[in-house]
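Numbering (our numbering), first residue to last: 258 to 437.
Note that CB positions come from ideal geometry on N, CA and C, so glycine has one too.
Predicted model only: the values in this text are computed from it and were never measured.
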């Protein structure tokens, strides 16, 4: 089964930490299961604007970086108005990082608004090109959960292990290779 589409993104720096970000999708081809009436019809890629955000990035002190975003985003074929804040506090060497992500998603298609609040800690082991991230909080699906991510950087490739800490008992591990 497949659903192939082309996504293009555009980011424009406006100055003083402001930027515009947008992404659009152009349908390609898909298997029957993604067609209207098929079992995965709600997951099909559709032509149009996928997301558009106005973002403000600020650094009040050298160790802290924050970003406020507001805009629209399509998630699971529902249109959301999104207000989002991310903040990261990093040690002087960059080896340790605390990160917070707060967001409110106002569903424009139905009565299904969502809130997200996630805190995380990341440790970089520079000598081995490895990072470990531990996260916990309320994710987009509104479940309280924890997450562990182990990444190994090999040239321009990231090899990672991801596990949902709440499902660790079931030993569900996802292995990904993502270009950096």
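**Study point:** Nearest-angstrom beta carbon gap, residue 365 and residue 338 [assumed within contact, 8 angstroms]
**Key:** 6 angstroms
Point to revise | Residue nearest to residue 352 in terms of C-alpha spacing, selected from 363, 371, 387 and 336 | key: 387
Point to revise | Classification of residue 375 by the beta-carbon crowding that lies within 10 angstroms, buried from 16 upward | key: buried
Practice item. Return the Cβ separation of residue 276 and residue 282 in integer angstroms, given the expectation that the two are a contact with Cβ distance under 8 angstroms. Key: Going by Cβ atoms, the distance from residue 276 to residue 282 rounds to 21 angstroms, so no, they are not a contact pair.
**Study point:** Coarse secondary structure for residue 259, derived from DSSP in three states
**Key:** coil
Review point. Can you list, in chain order, the residues of its chain whose CB lies under 7 angstroms from that of residue 307, leaving out five sequence neighbours each side?
Key: 264, 280, 281, 282 and 331
Practice item. Just the C-alpha distance for residue 420 and residue 404, rounded to the nearest angstrom, thanks. Key: 6 angstroms
Check your understanding: Roughly how many whole angstroms lie between the Cα atoms of residue 319 and residue 294?
Key -> 53 angstroms
Review point. Can you give the Cα-Cα distance for residue 324 and residue 317, rounded to whole angstroms?
Key: 11 angstroms
Practice item. Output the distance between the C-alpha atoms of residue 310 and residue 367, rounded to the nearest integer angstrom. Key: 21 angstroms
Practice item. May I have a chain-ordered list of the alpha helix (DSSP H) segments no shorter than 4 residues that lie completely inside the stretch 286-356? Key: none
Point to revise | Close beta carbons around residue 291, own chain, < 6 angstroms, minus the five adjacent residues each side | key: 260, 297 and 301
Exercise for review: Just grab the DSSP bridge partners of residue 381 for me.
Suggested key: 388
Exercise for review: Determine the DSSP secondary structure at residue 277, reduced to helix, strand or coil.
Suggested key: strand
Check your understanding: Which same chain residues, not among the five before or five after residue 258, have their C-beta less than 8 angstroms away from its C-beta?
Key -> 288, 290, 291 and 297
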